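Protein chains in written order, with the numbering used here: chain D, 445 to 559; chain X, 3 to 114.
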């Protein structure tokens, strides 16, 4: 079974530029999460989708971050304009159901460096 | 507010010895806890979980202990191997809240 796929793996941009990350969850997984992991910290939830609807985006900085999950499968996370403090690894995860459980599968992440 | 923290940021253990990683949480409503392992350059990987109606759960070489009285849980890894070197996170969830809150993490280094 293929895992959660993310791209790009690495991205370096200058502040005020924009960037987009893509995630393809495990086939059949209804729930998709985007986490932000700053170096030395645990992942922090940015947004959770159930199919193509948003369940929780309370910690998403909506003035600069946006995410969508069209057709309830792939998802993109966009940052525009980027700030220095956005430097982090952006992790995508998916699960079969909406209820939190251990069966949360993470991708390898997209590492963003903002200069 | 809610917080999940770890007592020690780093831990070094001799190969073959047992290791114990600790985690404290502050949300008394937390009823589900998970330990994740994160290797360099990879996403977190599920190790073991425990619900609040249990105080101990065992897996292959791993045991999680939960003490609800002092809001503390620990991960015990038996007979550590070089492949156990990673950062370990505890995470918690409260019923009715779909958010999984991660702690800061403990870096475990296995010394050959």
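Even for Gly, the Cβ is constructed at its ideal location relative to N, Cα and C. Fair warning: this is a prediction, and the values are worked out from it, not measured in the lab.
In this structure, residue 504(D) and residue 490(D) form a Cβ contact; the two beta carbons are roughly 5 Å apart against a cut-off of 8 Å. With its beta carbon less than 8 Å from one in chain X, residue 553(D) belongs to the interface. Close CB contacts of residue 74(X) within its chain, under the 6 Å cut and outside five residues either way in sequence, are with 26 (chain order). 91, 95, 100, 101, 102, 104, 105, 106 and 107: these are the residues of the stretch 90-114 of chain X whose beta carbon lies less than 7 Å from some beta carbon of chain D, given in chain order.
The beta carbon of residue 489(D) sits closer than 8 Å to some beta carbon of chain X. Of all alpha-carbon atoms in 525(D), 498(D) and 501(D), the one lying nearest the alpha-carbon of residue 460(D) is that of 525(D).
Taking the C-beta atoms as reference points, residue 52(X) is found nearer than 8 Å to residue 35(X). Along the stretch 456-482 of chain D, none of the residues has a CB nearer than 7 Å to a CB of chain X.
The DSSP assignment places no complete alpha helix (DSSP H) segment of no fewer than 4 residues inside the stretch 468-553 of chain D. Between residue 450(D) and residue 554(D), the CB-CB gap stays under 8 Å. Residues of chain D with a Cβ closer than 7 Å to the Cβ of residue 46(X) are, in chain order, 487 and 550. The beta-bridge partner set that DSSP reports for residue 557(D) consists of 456(D). If you draw a straight line from the Cα of residue 45(X) to the Cα of residue 71(X), it is about 32 Å long.
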